[in-house]
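Residue numbers (the working numbering): 673 to 948. Ideal Cβ positions, reconstructed from N, Cα and C, are used throughout, including at glycine.
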Amino acid sequence: MTRPGYPRGVSNETKLTAGDAELTLRPDQGCRIASLKVGGTELLRQGDKFGAFLMVPWCGRTENGVFRNGGVTHQLPVDAPPHAIHGTGRHTAWREAAPTTGTTAAYYFDLAEPWPYPGRVTHTVELAPQSVKLTLSVEAAADGDSFPAQAGWHPWWLRNLGQGGQDVELAFSAAWQEERGDNHLPNGNRIDPVPGPWDDCFGMPDGVDVTLTWPAEMKVRVNSAAEWAVVYTEQPEAVCVEPQSGPPNGLNTLPRLVTPIDPLEISTVWSWERIG
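Here it is, written out as structure tokens:
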């Protein structure tokens with residue numbers, strides 16, 4: 673069924689199943705992962721702003737909503753004053769890019785205002801009984817200009833699974849932590865990682881590898897060949913481990929140029945096992 677107010681052909685919900693894993697996508701809500709259950713146990717915080725949403729064509733905060741492409745300056749909507757946050761894809765209805773099977777789905781949307789450059793973003797989901805592989809690609813239009821871009825995921829993992837067990841524990845090794853300035857953005861200094869709570873970006877040059885453990889219940893590993901992850905643990909309900917293609921404000925500080933012949937592609941694999 674198509675939700676009123678969204679383009680024809682955009683479904684409210686897509687469910688994938690593999691073994692005892694069930695994943696729900698909401699293409700009408702930015703193609704976010706609304707639910708991930710293993711053996712009936714929900715792993716993601718529920719609600720329209722939660723689950724696991726996509727960050728594209730930028731990740732985290734862009735300083736004052738301003739970025740430059742060569743000599744051209746662009747202003748993005750300031751939706752986390754004084755910054756622009758998490759891209760436009762999460763506010764967009766996505767369309768089916770390939771036929772959905774019981775375990776796979778692919779959706780896309782075309783970049784448009786307020787993003788100033790034409791292009792296409794595709795999200796591919798491949799569910800297996802003990803893992804899911806997610807891939808985001810950002811393409812420039814064949815006859816369009818090149819532009820800087822970022823892509824990543826913002827999953828809200830439940831701090832507690834609600835079954836009488838302990839809160840989640842995070843384990844990872846980072847080469848550095850991006851020091852945060854007063855404006856909540858990396859200030860250019862790399863420091864040794866410090867204890868949480870965090871709303872911080874970490875550098876992992878060998879690839880993102882973070883383990884979430886709910887003792888005696890569940891273990892989830894978040895892996896990606898990407899070198900950056902933001903870890904957020906400042907809310908009581910959930911924790912976030914966000915693999916992304918660059919740091920916050922990376923459109924300005926570490927631009928990755930997308931050209932008509934060189935798209936941006938990033939993948940992450942989330943794998944799980946029951947323990948105890």
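Assigned secondary structure, residue i (DSSP; H/G/I helix, E/B strand, else coil)
i: Asn921; result: coil
i: Asn741; result: strand
i: Arg675; result: Note that Arg675 scores a pLDDT of 35, beneath 50, so its modelled location is shaky and nothing firm can be said.
i: Pro699; result: helix
i: Gly681; result: Because Gly681 sits at a pLDDT of 47, beneath the cut-off of 50, its placement in the model cannot be relied upon, and the following sentence gives the value as read from the coordinates. In the structure shown, Gly681 sits in coil (DSSP, three-state: anything other than H, G, I, E or B).
i: Gly761; result: helix
i: Glu899; result: coil
i: Glu735; result: helix
i: Asp872; result: strand
i: Glu694; result: strand
i: Glu889; result: coil
i: Phe722; result: coil
i: Gln916; result: strand
i: Ala756; result: strand
i: Ala813; result: coil
Residue i, enclosing beta strand (DSSP E) - first and last residue
i: Ile933; result: Counting along the chain, Ile933 falls outside any beta strand (DSSP E), and DSSP gives it neither H nor E.
i: Tyr779; result: 776-783
i: Val797; result: 791-800
i: Thr686; result: 686-690
i: Lys709; result: 704-710
i: Trp825; result: 824-830
i: Ala770; result: 767-770
Residues bridged to residue i [DSSP beta-bridge criterion]
i: Phe844; result: Val882
i: Arg862; result: Glu850
i: Lys805; result: Glu798, Val941
i: Ala910; result: Leu830
i: Val894; result: Val882, Trp942
i: His856; result: BP columns for His856 are empty, so no partner.
Residue i: CB within 7 Å of a non-hydrogen atom of the ligand FAD
i: Lys891; result: Annotation note on the ligand FAD: not contained in the displayed structure, which lists no ligands.
Proximity below 8 Å, CB of residue i to CB of residue j
i: Leu833; j: Val911; result: no
i: Asn741; j: Phe819; result: yes
i: Trp944; j: Val903; result: no
i: His746; j: Pro788; result: yes
i: His1002; j: Ala784; result: Within the shown structure, residues of the chain are numbered from 673 to 948, placing residue 1002 beyond reach of any answer.
i: Gly836; j: Ala888; result: no
i: Val930; j: Ala769; result: no
i: Glu899; j: Pro877; result: yes
i: Leu923; j: Trp730; result: yes
i: Phe781; j: Val797; result: no
i: Ala823; j: Pro932; result: no
i: Glu850; j: Pro919; result: yes
i: Gly816; j: Pro786; result: no
Whole-angstrom C-beta distance between residue j and residue i, which should lie under 8 Å
i: Leu716; j: Phe722; result: 7 Å
i: Glu714; j: Thr696; result: About 10 Å separates the two Cβ atoms, so there is no contact after all.
i: Asn895; j: Asp881; result: 5 Å
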